[in-house]
Structure formats: structure tokens, C-alpha cells
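Protein chains in written order, with the numbering used here: chain C, 277 to 589; chain F, 277 to 589.
Below: the structure, in C-alpha cells.
Protein chains: 2
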Amino acid sequence: MNKRQFLASMVAWVAADTVRAQAPMWSPSQKWARLVIVGGAEDRVQDRIILRKFIEYAGGPLARIRLITAASGVPDAVASSYSAVFADLGAQDFAVLPLNSREEAMNPQLTSEIMKADGLFMSGGDQSRLMQTVWDTPVMEAMHKAFHFNHCCIGGTSAGAAVMSRHMIAQGEAVLRPRKDIVDTDVGLGFLPTAVVDQHFSERRRLPRLLSTLASRPDLLGVGIDEDTALVVERGRAIEVFGKGVVTLVDMGQAQTNARDVDEEAQMEMLGVQLHTLPAGHRYSAVLPAPKGWPAGLRRAIELLVKPGPVYL
Amino acid sequence: MNKRQFLASMVAWVAADTVRAQAPMWSPSQKWARLVIVGGAEDRVQDRIILRKFIEYAGGPLARIRLITAASGVPDAVASSYSAVFADLGAQDFAVLPLNSREEAMNPQLTSEIMKADGLFMSGGDQSRLMQTVWDTPVMEAMHKAFHFNHCCIGGTSAGAAVMSRHMIAQGEAVLRPRKDIVDTDVGLGFLPTAVVDQHFSERRRLPRLLSTLASRPDLLGVGIDEDTALVVERGRAIEVFGKGVVTLVDMGQAQTNARDVDEEAQMEMLGVQLHTLPAGHRYSAVLPAPKGWPAGLRRAIELLVKPGPVYL
């Protein structure tokens, strides 16, 4: 960019963060390193607010957007569905990456495609299938380079959202109350190093499951994302919420639990868990002075979310 | 009581509060003013831990225990069920109060029965039916005198639990997320002046409903009680939990919400809600120094719960 463009982007940068949490959303056109984490079942028929936002954050209609279907058991169907929607939304450079096996994840041509992408979107399916395909492959390394160095916008829905955190919920029953050891966790892509993401959150009543996960890892921030709702994480700067539902942050930073001392069948004691529900249209800065009235702990939670993870190389 | 008995009770009093939150429960035989608030569906067939506790706290097998069925649409069936259980548990002075209309709630003989009771147990049903029957009647006054002056143990399950608080949830749909104005509230018996009780809590996934209630009354402490679970409130001293599930305290004391500013259809922002899940077998004192590691806010929540309400005369 030239000097004038640079100056304009700086003005926009300051303007963006001057917007208070409750003010209307500001839509930047320039690219920041962003994660668009969708709780599943995003609207693909009507307003399609979330997919529009993803295109915008990838850089607009001309952005190179690539779809990853590796989580899905029916990748072809998923691919054709998203191809139609992205075309309909005016994305002119959209393609589906041939990435459904570990062999394909070694393909240098694929890594080069990823490195050139402005936006990568991961479909739903099974998060473990996705991780088994890409873990410790050149493709995963390319995704990290794309995000950290090229400011590629990384989106994912449902299983594609679960893989965003380093500590990933692989599976776990929908319990009524927090229970010890009912959640299987595994390693995710690691874009969020200090959080754990759960999706379909309010719809599948997953707060007890997320609390169960945090009981053994109280250092992590729990992030519950509703269906047709997106949490946007701007690396190092702010978070935003879009869509129909809410994003629920669950913070055990000041909490105390007896999880280590009780056996699996016993009910757990969890004291001092902090909960925040964030509705659509709100932006929460990690760098501006906290607005008056913000409860202690919220700022720290946002800082945990925007904290950049290590680059996997 | 004579001096020796008095001394023994003082020793027991000190011993009880010396028990730390995580220690085994101490079972006093003398009477304190207690509420036994049951989340519904208490076991009446197997261990019957909660009804046994109620008998114990009323004063044991010889205690005068009276049942109030005014919440129920089928009072006779409820009466015969509880009569059988209480007899089976060895309660030797159990009777059902004839109290299913406002006319009966004016009956001086009934108020005298209530004033003599050691334990009053309110069945489930519809909390509004119960309140319509007793509100502003001599029976309600007698219940307050019995609790506040005679240290009568007041128990209630489901609807009988909902009426314990002054601010009572009359009805409200099971929402997925906190929503504005979806809960109808009314005036309850007022034994808990600064709390609002919800029952069948984990089983019916009622946290969003309780949060919805608190959004407009953040000064109140939310109390969610699971099925077959009892919260025991010892006036001015401590709380205890018994049974199969947990008691969830929801504290908006440090929270911030935009409930006043959004319209009914919008999602609400709730920041800094504090949550405590308390399992069975735990006692939490409001008078002893807080155990090490207790999160800020828990002590205040317990103090809110044990705070005596005004006597309705």
C-alpha cells in the first residue's frame, strides 16, 4: 500500500477501537488476522449475515476463498452446497480444496494454494476426522503461516469451529450437570491457545458439558457459540459477535473446584465461575480502556481470546 | 430447656460451625429455624434422604409434622402418598391440613394447628394456586409466626419450593438463552426475601430462565435446585445441600446487563454473572471466616440466602 492508503488504514484502526462495546459495528475493509468461529447451522438461505461477513473479512468479492471439507463424511455434498452459496454471495474466486485424506494433506500444490488464500473456511462434520487428516502435515503448517503471516481469514463452522482451539472437545455426552471426565478432548489446530470452543451451544444445552471440560482445565477460557452465530476474533485487538444467538464466555480464572478430589460419579463443586453472554452486534476491545461498568474479569477473558497462539511450523 | 441442655446446645452450635465446607455433615438434634427447599421429584421410595432430613430437622419421630397440599390439583392423592411415606419413615405425629381454599385459610383452628407444628411441608403442584389460597390470610401469618418465632421447619418441594422466596417465578417458558420478559413473577411466601428459587433446575435446563428473571432483578440471588435435591437454609447461619443433584447459585451482584435497553426480541448482554454449583453433603457457613480459596462473592451470596425476611403479620 502507498502512504495515503497506510494513513487511511491507521485512521480506520483508531476509529475501530474508539467504537465502544455497545456501539454499532464498524466494518473494516482492510485485512486483519481474523478467526470467524461459527457455532454451526449458519444461515445459507436467507440473510446469510455470517457468510457475508466472512467474505468481507477475507477481503471482499475478489478475495481468494478456499473451502476445507475434511471434517465432513459427505464432502461432495458440503462442497456443492457452499459453492452455490458463495457464488450467490458474489465471491468470485472460490474453490474447494481437495483435502480429505492425509495423503492429500502432504500435497505441495495444496499448501501453496493455502498460502495464497485470503480466506479459508472449514465445514462441519467431525472435528476428529479433520484433525486426523491435517495434524502435523504441511497443510496444517500452511494454515498457520497463512493466518499468522498472511493475515488470512480463517473461518469454521461446527466441527470447523471446535478445531480452532488448541484444547479441543472431541466428543462428550450432553450432561445435565457438570460431571468429571465425561468429555474427550484432543488437540485442535491451536489458533486459540488458551480457550476451548464448544458449538451448537444454547441449542444443545452444552453449558454443563463445557463446565465439565473446564473443571479439569480451569486455566482455559470456555467459549460457547450458538447456532447461526459467529465469534470473530481479531488477533491481539478485539472480538465481535454476529448472527442470531449469543456467545457465552465461561471463565474459571477466579473459580475453585473440587474436581480433582471427587470420583467420577460424584457431583462437582464449582465456586465462582464467571459467565458472560455476548449478543450479536457487539464489539469488545482488548486494547482500549475498558468501558465503565465492565465487571472485573471480562477484560482478562477477552485478552485470553485475542492472544496469538504459537505458529506451528 | 435446663442449663445443662442449654450448655450442650451451645457446644453443638460452636461444633457445627467449626465444620468446614467440605467436611461431613453435622446433624443437630435441636431445632433451628430452617427451610428445606426441595427441587421436586424427591425420592419417596428408596433412601428418602431428603424426607428423612426434613423429619430430623423438624425434631425427629415425635415432631408434629403437617402437610400442606394447597398447590396440588389432586390434593387427596398427594396427601395419601405423603401420609404413607411419612408413616413409613417413623413420623408418629403426621397429619394433612385441610387447606385447599381461601375459606379454609381463614379457619382459626387451622392457624392454631400451624402454630403448634414442628414441621410444615408443602407439596408440589402450581405455586400460583398455593399463593392464591394463602396470600394475606391468617394461615400465612401463622406460617410466618411458626417459622420466625417457633423455629418450625418449613419444607416444600417443586411448587412448594418456588413459594419460599418473596419474588416468585409463577411461570415462564424454557428458553434456550436469557430473554427479556419471558418470566411471569408474583409474590411468594417471602421466607427468602432476597432470592428467587427455581426448581427441577438442571433437569429442565432452567438456567436461561433464571437468568431471564434476574436480568430485571439483579439485586436478587438466583437459586436453582435440582430434582431430588434439597437446599437447607439455616436462618442467619448457614446453608446445606442434600440429595442427588446440585444447587446452583446465580449471582448478578457484580454483573452488568443491557436488559433495560433492549427490546423483547433481542438477545441480552449479561456480563460478569457469577455461578456456584453446590453438591450434596456440603455446608456453607455465613458466620465463620470463609475457608481459604473461596471466591469473592460466594460469602455474600450465602449471606443473602440466610438473611431473615420480615415477619408477615
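All residues carry an ideal CB built from backbone N, CA and C; glycine is no exception.
Because the structure is a prediction, the values reported are computed rather than measured.
- Which listed residue (C:Asp504, C:Tyr333 and C:Arg342) has its alpha carbon closest to that of valine 415 (chain C): C:Arg342
With DSSP collapsed to three states, give me the class of methionine 416 (chain F). helix
Exercise for the section: Tell me, please, whether the CB atom of glutamine 403 (chain F) is closer than 9 Å to any CB atom in chain C? Expected result: no
Whole-angstrom distance between arginine 328 (chain F) and glutamine 530 (chain C), CA atom to CA atom: 36 Å
* Asked: If we cut at 9 Å on Cβ distances, does alanine 317 (chain F) have a partner in chain C?
  -> no
Measure the alpha-carbon distance for glutamate 510 (chain C) versus leucine 581 (chain C) and round it to whole angstroms.
9 Å
Practice task
May I ask you to report which of helix, strand or coil DSSP gives glutamine 322 (chain C)?
Solution key: coil
message = To the nearest angstrom, how far is the alpha carbon of tryptophan 411 (chain F) from that of alanine 418 (chain F)?
response = 12 Å
Q) Mapping DSSP to helix, strand and coil, what is methionine 546 (chain F)? A) strand
(Q) Classify phenylalanine 273 (chain F): buried if its beta carbon has 16 or more other beta carbons within 10 angstroms, exposed otherwise. (A) The structure shown does not extend to residue 273 (chain F), since chain F is modelled only from 277 to 589, so the question has no answer here.
I need the straight-line Cα distance from glycine 573 (chain F) to glutamine 550 (chain F), nearest angstrom please.
8 Å
By the three-class DSSP mapping on this structure, what secondary structure does glycine 395 (chain F) have?
strand
Distance cutoff 9 Å, beta carbons only. Does aspartate 675 (chain F) sit that close to anything in chain C? Given a span of 277 to 589 for chain F in the structure shown, any question on residue 675 (chain F) remains unanswerable.
Of all Cβ atoms in chain C, is any one closer than 9 Å to the Cβ of methionine 398 (chain F)?
no
Original post:
Does any CB atom of chain F fall closer than 9 Å to the CB of glutamate 449 (chain C)?
Top reply: no
Any alpha helix (DSSP H) of 4 or more consecutive residues that is wholly inside the stretch 407-483 of chain C
414-424 and 435-438
*Tell me, please, whether the CB atom of glutamate 479 (chain F) is closer than 9 Å to any CB atom in chain C?*
yes
- Query: Taking Cβ-Cβ distances shorter than 8 Å, what residues in chain F pair up with alanine 556 (chain C)?
  - Reply: Gln543
| Candidates C:His552, C:Leu311 and C:Val354: which alpha carbon is nearest proline 374 (chain C)'s? | C:Val354
Taking the alpha-carbon positions, what's the arginine 481 (chain F) to valine 523 (chain F) distance?
13 Å
*What's the call for alanine 577 (chain F), buried or exposed, on a 16-neighbour Cβ count within 10 Å?*
buried
### Query
Can you tell me whether DSSP reads proline 571 (chain C) as helix, strand or coil?
coil
Of all the residues that make up the stretch 454-483 of chain C, which are near chain F by a beta-carbon distance shorter than 7 Å? Pro454, Ser478, Glu479, Arg481 and Leu483
Would you check if the distance between the CB atom of isoleucine 311 (chain C) and the CB atom of leucine 507 (chain C) is smaller than 9 Å?
-> Correcting the residue type first, residue 311 (chain C) is leucine in the shown sequence and not isoleucine. Against a cut-off of 9 Å, the Cβ pair of leucine 507 (chain C) and leucine 311 (chain C) comes out as a contact.
Closest residue to leucine 525 (chain F) among C:Ile515, C:Glu540, C:Glu545 and C:Gly512 (Cα-Cα distance): C:Glu545
message: For a cutoff of 9 Å on Cβ pairs, would you count valine 522 (chain C) as touching chain F?
response: yes
- Buried or exposed for valine 587 (chain C), please, with buried defined as at least 16 other CB atoms from any protein chain shown within 10 angstroms of its CB. exposed
### Limits of the unbroken alpha helix (DSSP H) element including valine 361 (chain F)
351-364
- When DSSP labels each residue in this structure, what does valine 582 (chain F) get in the three-state scheme? helix
My output table needs one value for leucine 375 (chain C): the three-state DSSP class, helix, strand or coil.
coil
Proximity of arginine 485 (chain F) and valine 451 (chain F) at Cβ, strictly below 9 Å: yes
*Give the secondary structure of alanine 309 (chain C) by DSSP, where H, G and I count as helix, E and B as strand, and everything else as coil.*
coil
Any idea what DSSP makes of alanine 506 (chain C), helix, strand or coil? strand
* To do: On a CA-only basis, which of F:Gly512, F:Ile326 and F:Gly448 is nearest isoleucine 313 (chain F)? Give me that one, please.
  => F:Ile326
Check whether the Cβ atoms of leucine 547 (chain C) and histidine 552 (chain F) sit closer than 9 Å, and answer yes or no. yes
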